[in-house]
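Trainee:
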Amino acid sequence: MNDGVGIRRAVPSDADLLVELQSMVQTSQDSNWHEVLPWHLWLTDSQFFTYVAEQSVLIGAVAVGPIRDSDLVGDDLLDGNPGEIIAWFIHPDQDYQKLGRKLLVHGLTVLKRCFFESAVIWVASNSKTAPAVIQSLHFWDTGLERVRNLSSKSINENCYKLHLGSYF
Numbered sequence: 011m012n013d014g015v016g017i018r019r020a021v022p023s024d025a026d027l028l029v030e031l032q033s034m035v036q037t038s039q040d041s042n043w044h045e046v047l048p049w050h051l052w053l054t055d056s057q058f059f060t061y062v063a064e065q066s067v068l069i070g071a072v073a074v075g076p077i078r079d080s081d082l083v084g085d086d087l088l089d090g091n092p093g094e095i096i097a098w099f100i101h102p103d104q105d106y107q108k109l110g111r112k113l114l115v116h117g118l119t120v121l122k123r124c125f126f127e128s129a130v131i132w133v134a135s136n137s138k139t140a141p142a143v144i145q146s147l148h149f150w151d152t153g154l155e156r157v158r159n160l161s162s163k164s165i166n167e168n169c170y171k172l173h174l175g176s177y178f
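Put into structure tokens, the structure is as follows:
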């Protein structure tokens, strides 16, 4: 991993920088996907926790909190007081530097400290690296799939879950 990368809790003034980083990540993956996440809401609502990785600029983010769309996930995901990894991404120049894994572990630690018993994450089905990272942390594929209809396109996603009871 690159030296000099710090992780800190995001503050409301990071919202525009997070939108910019998110846009860069989405553009590198698929130029037709331009969803802007509600960063300002997540950075001011005490239910959500957002952490950023930075050097001289933001290079990654993870946001966690309670499951947002409980009516869309089914009862089998809601058992065990689950929290959700609601956003997780890194700058495309940071691929294969283990920074994504470090951010995800940080998010899981926050969920555990907030007394969530499990963690849920939805991953785009065409993602090349995310499934390997989350499975290396012992998430299991729930077999659930969903289609998110965004303003610019639809995204197919797969759901993974991790029990946090013995996480640390």
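Taking the working numbering, the leading residue of the sequence shown gets 11, the next gets one more, and so forth.
All residues carry an ideal CB built from backbone N, CA and C; glycine is no exception.
Note that the coordinates shown come from a computational prediction; the quantities given were computed from them, not determined experimentally.
Would the beta-carbon of Ala71 fall within 8 angstroms of that of Leu109?
Mentor: For Ala71 and Leu109, no; Cβs fall outside 8 angstroms.
Trainee: Could you name each continuous alpha helix (DSSP H) segment of 4 residues or more that falls completely within the segment 47 to 127, going from the start of the chain to the end?
Mentor: Complete alpha helix (DSSP H) runs here, min 4: 49 to 54, 80 to 83, 85 to 88 and 109 to 123.
Trainee: So, with DSSP's three-state summary, where would you put Val29?
Mentor: Three-state result, Val29: helix.
Trainee: Please classify Leu113 as buried or exposed, where buried requires at least 16 other C-beta atoms within 10 Å of its C-beta.
Mentor: Classification for Leu113: buried.
Trainee: Hey, quick one: how far does the beta strand (DSSP E) through Val157 stretch, first residue to last?
Mentor: That run of the beta strand (DSSP E) goes Trp150 to Asn159.
Trainee: Run through the DSSP bridge pairs and tell me what Asn168 is partnered with.
Mentor: Partner(s): Val133 and Glu155.
Trainee: Under the DSSP definition of a beta bridge, which residues are partnered with Gly16?
Mentor: According to DSSP, which records beta bridges pairwise, Gly16 is partnered with Glu64.
Trainee: For Lys6, which of Pro22, Arg19, Gln36 and Val15 has the nearest alpha-carbon?
Mentor: Past the boundaries of the shown model lies residue 6; the chain is included only from 11 to 178, so the question cannot be answered.
Trainee: Here's the rule I'm using: 16 or more other beta-carbon atoms within 10 Å means buried, otherwise exposed. How should Val21 be labelled?
Mentor: Flag for Val21 reads exposed.
Trainee: Hey, Leu68 and Leu31: beta-carbon distance below 8 angstroms or not?
Mentor: Yes. Within cutoff.
Trainee: Do you know offhand how far Val115's Cα is from Ala134's?
Mentor: Taking the straight line joining both Cα atoms gives about 19 angstroms.
Trainee: Measuring alpha carbon to alpha carbon, tell me which residue in Asn168, Arg156 and Arg123 is nearest Trp138.
Mentor: The sequence shown places Lys at residue 138, rather than the Trp named in the question. Answer by Cα proximity: Asn168.
Trainee: Tell me the rounded alpha-carbon separation between Phe59 and His50.
Mentor: Roughly 12 angstroms between the two C-alpha positions.
Trainee: Using a Cβ-Cβ cut-off of 8 angstroms (strictly less than) and excluding sequence neighbours within five positions of Gln57, which residues of its own chain qualify?
Mentor: Excluding positions up to five away in sequence, the list reads Gly75 and Pro76.
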